[in-house]
Amino acid sequence: MRVENKVKPNEAQIKGFFEPGSEGPIYMLNLLKFKEQAEYQDGQSSQLTGAEAYALYAAEVSKILVKLGGGGMFNAKIERLALGEVEELWDSVAIAMYPSRQAMIDMMQSKEYQAIHHHRDAGLAGQLNIETTGAAGLWVGAEGFKIDETD
Numbered sequence: 038m039r040v041e042n043k044v045k046p047n048e049a050q051i052k053g054f055f056e057p058g059s060e061g062p063i064y065m066l067n068l069l070k071f072k073e074q075a076e077y078q079d080g081q082s083s084q085l086t087g088a089e090a091y092a093l094y095a096a097e098v099s100k101i102l103v104k105l106g107g108g109g110m111f112n113a114k115i116e117r118l119a120l121g122e123v124e125e126l127w128d129s130v131a132i133a134m135y136p137s138r139q140a141m142i143d144m145m146q147s148k149e150y151q152a153i154h155h156h157r158d159a160g161l162a163g164q165l166n167i168e169t170t171g172a173a174g175l176w177v178g179a180e181g182f183k184i185d186e187t188d
């Protein structure tokens with residue numbers, strides 16, 4: 038398995054995002070790698086670290102998500118790799134819930150999002166962004182872990 042962090046999706050990934058998918062909420066798993074120092078594309082100098090620049094973006098995205106009926110579900114610093122192998126570990130993991138794939142598209146196209154997106158680009162060295170669906174993928178009480186294998 039080859040793992041490659043990216044800041045922007047490739048053409049096939051963009052196309053796939055606009056194809057029909059499962060209906061209902063999507064949960065985006067974000068494995069985030071930050072730049073040591075924020076790098077703004079307009080050349081403005083910054084004393085922010087990459088993580089600090091990304092935090093500015095994340096705080097505002099959280100507000101937009103709530104307006105769309107979604108929200109940040111989980112965010113944590115990655116401490117260590119407990120199983121498996123990767124060349125370089127990510128810095129942070131986050132899970133965000135969108136009420137639908139269309140809601141995520143609407144967010145990305147909004148003026149509010151466009152106004153803050155530069156902080157994401159300034160702080161992020163790369164990421165894996167994995168779309169998941171189905172609440173059956175959550176731990177549910179004594180019933181344990183469930184996997185929904187329907188398409």
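Positions 38 to 188 (my numbering) are the ones given, in order, by the sequence shown. Glycine is no exception: its CB is placed at the ideal position from the N, C-alpha and C atoms.
Item	Value
Could you give the C-beta distance for residue 127 and residue 115, rounded to a whole number, given that I count them as a contact under 8 angstroms?	5 angstroms
Take the Cβ of residue 52 as the centre, count every other Cβ of all protein chains shown within 10 Å, and call the residue buried at 16 or more, exposed below.	exposed
Whole angstroms is fine: what's the gap from residue 94's alpha carbon to residue 81's?	17 angstroms
Given this structure, state the Cα-to-Cα distance separating residue 103 from residue 138, to the nearest angstrom.	15 angstroms
What residue range is occupied by the uninterrupted beta strand (DSSP E) comprising residue 105?	No beta strand (DSSP E) contains residue 105, which is instead part of the alpha helix (DSSP H) from 87 to 105.
State the start and end residues of the unbroken alpha helix (DSSP H) segment that holds residue 152.	148 to 160
What span of residues does the beta strand (DSSP E) with residue 130 cover, start to end?	129 to 135
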